[in-house]
């Protein structure tokens, strides 16, 4: 994260090894999708926002990648990639309006409206984690206060567990640093503090989803990411919170469900970016006539 050149070199090494393992040459690859855990900005949506990754300021990520790979490169943020994956391969295949919400250290959403990914005028649409749900709430890493991510992000959930545990038992110390997997396991095996915090997490998430439903009226909301392993401990609270805060019939008509693509959703979405572009009608003639190199060069340009 703090070394762009090192990160690109690591990616290059991994891709090269994957090609060797699969017995593939560069001219057999139609393209590569890369997903980023941050919003993308710039005229071509190819620059990382630097709130969380300051070392990447002014780094032309696509140019760095194209210097190393002789095939087309397509990038998007992780939540958008998750939404694309769900639309193509997951529960969203029959829906023209849906939202995919990725619950991790960061919290973001990808929006599919009228069967197309919606990025907004500057590429930052869907930043649901930075909608304010409490103006007097805890500080968020973005610099604001009371963002949804400050309640629902994995680090926030872990911090709440530490605070509640030590408040109840001042001498409490875990044998090792807690992970979100540990907290979910404790909750599922009856730990009252962990259960309470996950239910509260679901309530706050439901507030943000209710706002999203009131604004965009998606038919389907798909939850993905590490927190979804909590299953009904979160989803029951989410649905109740949404029903309490949405207008008209929107809540009753919207389905809130967990992704069936699991931890692979974002990677599948990244691959789908390349598939989408490779099989655009303008490129199909080159592929069908075997003139693959020409297709790739025109894509890169």
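Numbering (the working numbering), first residue to last: 61 to 361.
Just so you know, even glycine gets a beta-carbon here, dropped at the ideal spot from N, CA and C.
Please confirm if the region 88-95 is in contact with the region 172-182, defined as three or more CB-CB distances below 8 angstroms between the two stretches.
no
On the DSSP bridge assignment, give the partners of residue 161 in chain order.
169 and 283
Using C-beta distances below 7 angstroms, list every residue in its chain close to residue 99, excluding the 5 sequence neighbours before and after it, in chain order.
109, 137, 183, 184 and 187
Going by beta carbon distance, what residues of the same chain come within less than 7 angstroms of residue 330, once the five residues before and after it are set aside?
93, 94, 95 and 141
Which residue wins for smallest C-alpha separation from residue 285, given the options 101, 165 and 120?
165
Residue 113 (DSSP reduced to helix, strand or coil):
coil
Determine which residues share a DSSP beta bridge with residue 94 and list them.
135
Please report the residue range of the beta strand (DSSP E) in which residue 291 lies.
That residue, residue 291, is in no beta strand (DSSP E); it is neither H nor E in DSSP.
Which whole-angstrom value is the C-beta distance of residue 321 and residue 288, which I expect to be below 8 angstroms?
About 11 angstroms separates the two Cβ atoms, so there is no contact after all.
Buried versus exposed, by CB contacts within 10 Å (16 or more), residue 208:
buried
For the region 245-252 against the region 123-136, do three or more pairs of beta-carbon atoms, one drawn from each stretch, fall closer than 8 angstroms, so that the two count as touching?
no
Name, in chain order, the residues that DSSP records as bridge partners for residue 100.
108
Grab the span of the alpha helix (DSSP H) containing residue 272 for me, first residue to last.
252-276
Classify residue 116: buried if its beta carbon has 16 or more other beta carbons within 10 angstroms, exposed otherwise.
buried
Mapping DSSP to helix, strand and coil, what is residue 64?
helix
Would you please verify whether the beta carbon of residue 269 is less than 9 angstroms from any beta carbon of chain C?
Note that chain C does not occur in the displayed structure, where there is just one protein chain.
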